[in-house]
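Here the sequence shown is numbered in the working numbering, starting from 334 and rising by one per residue. For glycine and all other residues, C-beta sits at the position ideal for the given N, C-alpha and C. Below is one structure, written out as structure tokens; the observations come after it.
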Amino acid sequence: MTQALLLIRTKMYNRYILRKNRKGNVVMGTLTEAIQRHHLSLAKTLAAHARGVDGEPDSERDSFVAFLKGDLLPHARGEERHLYESIDALVREHGRPTATMMVDHEFITAYVTKIEGITRQLKTAGDGDRPRLLRQLRELSLQLDAIVQLHLAKEERVYLPLLERYVDEARQREILHAVHETYEEERIMPNDRPLDVRNVVPRERHTLIFDTFAALKPGDAFVLINDHDPRPLYYQFEVEHTGQFSWDYLEQGPEVWRVRIGRRG
Ligand SMILES: [Fe+2]
Ligand SMILES: [Fe+2]
Numbered sequence: 334m335t336q337a338l339l340l341i342r343t344k345m346y347n348r349y350i351l352r353k354n355r356k357g358n359v360v361m362g363t364l365t366e367a368i369q370r371h372h373l374s375l376a377k378t379l380a381a382h383a384r385g386v387d388g389e390p391d392s393e394r395d396s397f398v399a400f401l402k403g404d405l406l407p408h409a410r411g412e413e414r415h416l417y418e419s420i421d422a423l424v425r426e427h428g429r430p431t432a433t434m435m436v437d438h439e440f441i442t443a444y445v446t447k448i449e450g451i452t453r454q455l456k457t458a459g460d461g462d463r464p465r466l467l468r469q470l471r472e473l474s475l476q477l478d479a480i481v482q483l484h485l486a487k488e489e490r491v492y493l494p495l496l497e498r499y500v501d502e503a504r505q506r507e508i509l510h511a512v513h514e515t516y517e518e519e520r521i522m523p524n525d526r527p528l529d530v531r532n533v534v535p536r537e538r539h540t541l542i543f544d545t546f547a548a549l550k551p552g553d554a555f556v557l558i559n560d561h562d563p564r565p566l567y568y569q570f571e572v573e574h575t576g577q578f579s580w581d582y583l584e585q586g587p588e589v590w591r592v593r594i595g596r597r598g
């Protein structure tokens with residue numbers, strides 16, 4: 334490594350590893366701090382490049398590629414070589430290996446909510462807003478596409494081979510059946526009845542909602558439409574109908590909240 338390159342590397346390293354304490358002295362930060370800081374910087378740089386990628390000049394794209402190869406990929410390699418080994422052991426002992434997949438699902442759900450929101454806005458948007466909304470919709474859809482592709486690859490390359498190898502066929506069929514049942518239960522039926530409580534006086538809302546739930550057949554659902562996050566209602570359902578209901582946010586504000594509330598089969 335040349336002297337100059339070494340200096341740049343050291344500077345980069347210091348930027349993430351060192352920080353000032355309360356007294357203003359430079360100290361070594363924690364591993365978490367350093368990684369979070371590096372992540373933040375990677376994410377910011379990546380987002381900035383992504384926005385400018387179809388602009389001018391060519392040198393902008395060259396510096397994008399330089400960043401990808403010179404910063405993003407080395408970060409991944411550093412983690413693979415030195416961080417994941419420790420993480421593997423920790424997850425085995427204290428963690429839940431599928432927790433990372435749940436984070437994916439959380440992101441996927443958030444993207445769906447955003448895409449639905451923009452799709453609805455587009456129906457009434459004026460000509461002035463349409464190009465911006467369409468551009469956002471396209472960006473979000475492509476980002477979701479990338480996340481889903483990655484997620485499916487993880488399930489297919491890491492999880493399914495484990496099932497194939499270590500779980501007998503009868504149990505595999507049981508799992509498949511259970512997965513499919515939940516899928517059917519949670520599917521949003523186009524004929525889900527909407528229950529808009531925005532014009533109902535607040536003290537009558539919960540009674541109306543619980544009456545509607547009581548009238549549901551197993552597997553059926555309604556879509557609650559509200560002007561605030563009905564979180565407290567969720568907790569009430571948890572207490573009064575433990576294990577009997579499903580709860581899926583279809584839209585989470587800022588003006589309208591829509592939740593599909595179903596009765597489990
Ligand atoms: Fe990372
Ligand atoms: Fe999944």
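Use the C-beta contact count for residue i: other C-beta atoms within 10 angstroms, 16 or more gives buried, fewer gives exposed.
i	result
residue 532	exposed
residue 425	exposed
residue 297	Absent from the model: residue 297. The displayed extent of the chain is 334 to 598, so no value can be given.
residue 334	Any reading at residue 334 must be qualified, since the residue scores a pLDDT of 45, below 50, and its modelled position is unreliable; the value itself is stated next. By the neighbour-count rule (16 or more Cβ atoms within 10 Å), residue 334 is not buried but exposed.
residue 559	buried
residue 554	buried
residue 500	exposed
residue 415	exposed
residue 366	exposed
residue 489	exposed
residue 371	buried
residue 556	buried
residue 584	buried
residue 496	exposed
residue 485	exposed
Look up residue i in the DSSP assignment and give the residues it is bridged to.
i	result
residue 558	529 and 591
residue 596	578
residue 585	590
Nearest by alpha-carbon distance to residue i: which of the options is it?
i	options	result
residue 568	451, 586, 371 and 594	594
residue 400	414, 382 and 496	382
residue 552	535, 570, 562 and 578	578
residue 597	536, 511 and 368	511
residue 575	404, 566 and 465	566
residue 516	419, 581 and 390	581
residue 587	572, 570, 563 and 573	563
residue 374	395, 404, 387 and 391	404
residue 447	476, 458 and 461	476
When the cut-off is 8 Å and only beta carbons count, does residue i lie next to chain C?
i	result
residue 584	Absence of chain C from the displayed structure is noted, only one protein chain being present.
Can you tell me which residues fall inside 6 Å of ligand 1, judged by beta-carbon distance to its nearest heavy atom, and keep chain order?
The answer, residue by residue, is 372, 408 and 412.
Any residue with its Cβ nearer than 7 Å to a heavy atom of ligand 2 should be included. What is that list in chain order?
Result: 434, 437, 438, 484 and 488.
Cβ contact (3+ pairs, closer than 8 Å) linking the segment 400-419 and the segment 530-545:
Contact fails: fewer than three Cβ-Cβ distances are below 8 Å.
Taking 8 Å as the threshold, find out whether the segment 462-472 comes into contact with the segment 437-452 through three or more Cβ pairs.
These segments touch.
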